[in-house]
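K.L.:
Right, I'll just put the structure down here and ask away after.
Numbering (this note's numbering), first residue to last: 21 to 513.
In structure tokens, the structure reads:
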């Protein structure tokens, strides 16, 4: 009986290892890239391209090379090597992709909108999205990187791309974000990257868009159902409130969202100061269905100041140390308590167009549906840009202000990704008149003057809030009047 039990325990303990990493969708060696391998997951791949792309896929010893040097914003300049088609992805299911690749010099200098950008991507027709990474040739010191943007403008990781590297993508179960790993680095090099809109057929692609160039070698491509690489983590924390006035006992409902932490595991919720010292005795909660929730009671005698709600695992999870996560909380000075006597609009409670309705102002060919009510917030999305006449704003009802009086304006906002392949930043109009760049504007208008700042999408390294730049080029990375910030997350400005 003991022997049977031991064997059973071994099988159960190894179950994740035995069954998780199954390359059930793709397992293709590029030693014979356009030849059927005899199984459903290693069918022949094909090259697809526009008529003017002139891309060339060449079988090499043990790998395939795709080179494309033609580039234009006109149609017909894209070139891809693409996997055999597979069925639509299953909803609420994660997927893993592994690609061994390297890049070589293109031999043509970057110029404006035309530049080297070797792309590897998962595309899902059913979801209408693409999850891409872009590789730039270099040794990782003087150049060379992997990025979630084609020009390396944000979400960039320096890497020697001239050598063979194993790139791994985990496509989240919600099919809206993905993580990127590189062999030899335990944690994601790029995390929670938002997918971009694409209508192409299902498949893994490598090559280049119409205005990009590539010279990429690929040794193999694998894709399987499931998340093979992620470690257990606390993904995010939601609070029922983010501040209160000192002198009042307050109850805060806290919900922690987890990933790869099983039902029954314990998390500790604590309230800490700026030195990570516990102000309140930690409260324990159990994970169920990837969430754990608890109420924290903050006593009335806690002094005003800046604090944080901290969530940590109670010990290792599956043998892994889980990184604690915090979210800011403020106890406010009662002498400076705020009264929102002019505007106090919560778009999670009342839609933007419900009385007293906010209004839309636009110019040019900006469509009227650039504002949409979402679940808990309002979204403003404008991609048209062609001079001063293509403005678009969501505007509050008019307010009356008094002279010689200070006012405070607070807004909770985040920026979302714009497909820079389809809508690249062009700081100044070209001879053909095309111009425009990302600049999510927040501010107010008084006496026909805007008092504004701008959010540029990105993580803690590439995102930022900026004031207008005075040189006429708009909000750009050259601005010195900026604060680096993960603008893809909610912040109170």
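Even glycine gets a Cβ: it sits at the ideal position worked out from N, Cα and C.
Please identify the residue among 63, 341, 158, 377 whose C-alpha is closest to the C-alpha of residue 251.
P.N.:
One-based indexing of the chain shown puts residue 251 at position 231. Nearest of 63, 341, 158, 377 to residue 251, Cα basis: 341.
K.L.:
Have a look at residue 54 and residue 402 and give me their C-alpha separation to the nearest angstrom.
P.N.:
For the purposes of this step, residue 54 is identified with residue 34 of the chain shown, where counting begins at 1. For the purposes of this step, residue 402 is identified with residue 382 of the chain shown, where counting begins at 1. Their Cα atoms are separated by approximately 41 angstroms.
K.L.:
Could you check where the beta strand (DSSP E) with residue 385 kicks off and where it finishes?
P.N.:
Start at 1 with the first residue of the chain shown, and residue 385 comes out as number 365. Neither: residue 385 is in no beta strand (DSSP E) and is coded neither H nor E.
K.L.:
Which residue spans inside the region 64-105 form an unbroken beta strand (DSSP E) run of at least 3?
P.N.:
As far as the region 64-105 is concerned, its whole beta strand (DSSP E) runs of at least 3 residues are 66-69, 76-80, 83-88, 99-102.
K.L.:
Could you tell me the alpha carbon to alpha carbon distance between residue 96 and residue 135, rounded to whole angstroms?
P.N.:
Residue mapping note: residue 96 aligns to position 76 of the chain shown, counting from 1. Residue mapping note: residue 135 aligns to position 115 of the chain shown, counting from 1. About 16 angstroms.
K.L.:
By how many angstroms is the C-alpha of residue 393 removed from the C-alpha of residue 259?
P.N.:
Start at 1 with the first residue of the chain shown, and residue 259 comes out as number 239. Start at 1 with the first residue of the chain shown, and residue 393 comes out as number 373. Near 22 angstroms, if we compare the C-alpha coordinates of residue 393 and residue 259.
K.L.:
Whole-angstrom Cβ separation of residue 229 and residue 139, contact assumed at under 8 angstroms?
P.N.:
Here residue 229 refers to the residue found at position 209 of the chain shown. Here residue 139 refers to the residue found at position 119 of the chain shown. Confirmed, Cβ separation roughly 7 angstroms.
K.L.:
Which residues does DSSP list as the beta-bridge partners of residue 188?
P.N.:
Working through the chain shown from its first residue, we reach residue 188 at position 168. Answer is 118, 201, bridged to residue 188.
K.L.:
Helix or strand or just coil, what does DSSP make of residue 252?
P.N.:
In the chain shown, the residue the question calls residue 252 occupies position 232. Reduced to three states, the DSSP call for residue 252 is coil.
K.L.:
Per DSSP, what are the beta-bridge partners of residue 131 in this structure?
P.N.:
As a position in the chain shown, residue 131 is number 111, starting the count at 1. 134.
K.L.:
Do the CB positions of residue 395 and residue 245 come within less than 7 angstroms of each other?
P.N.:
Residue mapping note: residue 395 aligns to position 375 of the chain shown, counting from 1. Residue mapping note: residue 245 aligns to position 225 of the chain shown, counting from 1. No; because the gap between Cβ atoms is not below 7 angstroms, this pair is not in contact.
K.L.:
Tell me the DSSP bridge mates of residue 167?
P.N.:
One-based indexing of the chain shown puts residue 167 at position 147. For residue 167, which the question treats as bridged, DSSP gives the partners 154, 176.
K.L.:
Going by C-alpha distance, which of 315, 284, 324, 422 is nearest residue 302?
P.N.:
To locate residue 302, count along the chain shown from 1; it is residue 282. Nearest option by C-alpha distance: 315.
K.L.:
For residue 305, name the three-state secondary structure that DSSP assigns.
P.N.:
What you label residue 305 is simply residue 285 of the chain shown in a count that begins at 1. If DSSP states are grouped into helix, strand and coil, residue 305 belongs with the strands.
K.L.:
What number of angstroms, rounded off, separates the C-alpha of residue 428 from the C-alpha of residue 292?
P.N.:
In the chain shown, the residue the question calls residue 428 occupies position 408. In the chain shown, the residue the question calls residue 292 occupies position 272. Rounded to whole angstroms, the separation of the alpha carbons of residue 292 and residue 428 is 28 angstroms.
K.L.:
Could you give the distance in angstroms between the alpha-carbon of residue 481 and the alpha-carbon of residue 132?
P.N.:
Taking the first residue of the chain shown as 1, we reach residue 481 at position 461. Taking the first residue of the chain shown as 1, we reach residue 132 at position 112. About 24 angstroms.
K.L.:
With a 10 Å radius around its C-beta and 16 neighbouring C-beta atoms as the bar for buried, classify residue 492 as buried or exposed.
P.N.:
Counting from one through the chain shown, the residue named residue 492 turns up at place 472. Confidence is the limiting factor: at residue 492 the pLDDT is only 42, short of 50, which leaves the residue's position unreliable, though a coordinate-based value still follows. Residue 492 comes out exposed.
K.L.:
Kindly give me the distance between the Cβ atoms of residue 100 and residue 69, rounded to whole angstroms, as I take these residues to be in contact under 8 angstroms.
P.N.:
Residue mapping note: residue 100 aligns to position 80 of the chain shown, counting from 1. Residue mapping note: residue 69 aligns to position 49 of the chain shown, counting from 1. Contact flag correct, Cβ pair sits at about 7 angstroms.
K.L.:
Starting from the C-beta of residue 461, find all residues in its chain whose C-beta is less than 6 angstroms away, skip the five residues before and the five after it, and write them out in chain order.
P.N.:
Taking the chain shown and counting its residues from 1, the one referred to as residue 461 is at position 441. Answer for residue 461: 472, 474, listed in chain order.
K.L.:
Just verifying my parser: in three-state terms, what is the DSSP assignment at residue 112?
P.N.:
Looking up residue 112 in the chain shown gives position 92. If DSSP states are grouped into helix, strand and coil, residue 112 belongs with coil.
K.L.:
So which of 278, 339, 338, 344 has the shortest CA-CA distance to residue 313?
P.N.:
Sequence index remark: in the chain shown, residue 313 carries index 293 (1-based). The shortest C-alpha separation from residue 313 is found at 278.
K.L.:
Hey, out of 388, 88, 59, 257, whose CA is closest to residue 411's CA?
P.N.:
Here residue 411 is taken as the residue at index 391 of the chain shown, counted from 1. The shortest CA-to-CA distance from residue 411 to any of 388, 88, 59, 257 is the one to 388.
K.L.:
Report buried or exposed for residue 466, applying the criterion of at least 16 other Cβ atoms within 10 angstroms of its Cβ.
P.N.:
Reading the chain shown from its first residue, position 446 is the one you call residue 466. Residue 466 should be labelled exposed.
K.L.:
When the Cα of residue 122 is compared with those of 116, 157, 254, which residue comes out closest?
P.N.:
On the chain shown, residue 122 is found 102 positions in, with the first residue counted as 1. The shortest Cα separation from residue 122 among 116, 157, 254 belongs to 157.
K.L.:
Over the uninterrupted beta strand (DSSP E) stretch that includes residue 329, give me the two end residues.
P.N.:
Position 309 of the chain shown, counted from the start, is the residue given in the question as residue 329. Residue range 325-333 is occupied by the beta strand (DSSP E) that includes residue 329.
K.L.:
Pair every Cβ in the region 314-334 with every Cβ in the region 344-351, then say whether three or more of these pairs are closer than 8 angstroms.
P.N.:
yes
K.L.:
For the candidate residues 347, 106, 368, whose alpha-carbon lies nearest to that of residue 223?
P.N.:
Here residue 223 refers to the residue found at position 203 of the chain shown. If we check each option's Cα against that of residue 223, 106 comes out closest.
K.L.:
What's the gap between the Cα of residue 213 and the Cα of residue 51?
P.N.:
Counted from its first residue, the chain shown places residue 213 at position 193. Counted from its first residue, the chain shown places residue 51 at position 31. Cα to Cα, the separation comes out at about 31 angstroms.
K.L.:
Once you ignore the five residues that flank residue 409 on each side, which residues in its own chain have a CB closer than 8 angstroms to its CB?
P.N.:
Position 389 of the chain shown, counting from 1, holds the residue named residue 409. Same-chain partners within the cutoff: 383, 384.
K.L.:
Counting C-beta neighbours from all protein chains within 10 Å, is the total for residue 507 16 or more, i.e. buried, or is it exposed?
P.N.:
Locating residue 507 in the chain shown gives position 487, where the first residue counts as 1. Flag for residue 507 reads buried.
K.L.:
So what does DSSP say about residue 505, is it helix, strand or coil?
P.N.:
If you number the chain shown from 1, residue 505 lands on position 485. Coil.
K.L.:
Could you tell me which of 204, 46, 336 sits nearest to residue 61, measuring between CA atoms?
P.N.:
Within the chain shown, the letter at position 41 stands for residue 61. Considering only alpha carbons, the answer is 46.
K.L.:
Compute the Euclidean distance between the alpha carbons of residue 509 and residue 299, then round it to the nearest angstrom.
P.N.:
Stepping through the chain shown from its first residue, residue 509 is reached at position 489. Stepping through the chain shown from its first residue, residue 299 is reached at position 279. Going by the C-alpha atoms only, they are around 26 angstroms apart.
K.L.:
What did DSSP end up calling residue 8 once you bin it into helix, strand or coil?
P.N.:
There is simply no residue 8 to check, as the chain begins at 21 and stops at 513 in what is shown.
K.L.:
Considering only C-alpha positions, which residue in the set 242, 182, 84, 437 is nearest to residue 170?
P.N.:
Here the question's residue 170 lines up with position 150 in the chain shown. Looking at the Cα atoms, 437 is the closest of the given residues.
K.L.:
What's the C-alpha gap between residue 119 and residue 269?
P.N.:
Stepping through the chain shown from its first residue, residue 119 is reached at position 99. Stepping through the chain shown from its first residue, residue 269 is reached at position 249. Cα to Cα, residue 119 sits roughly 54 angstroms from residue 269.
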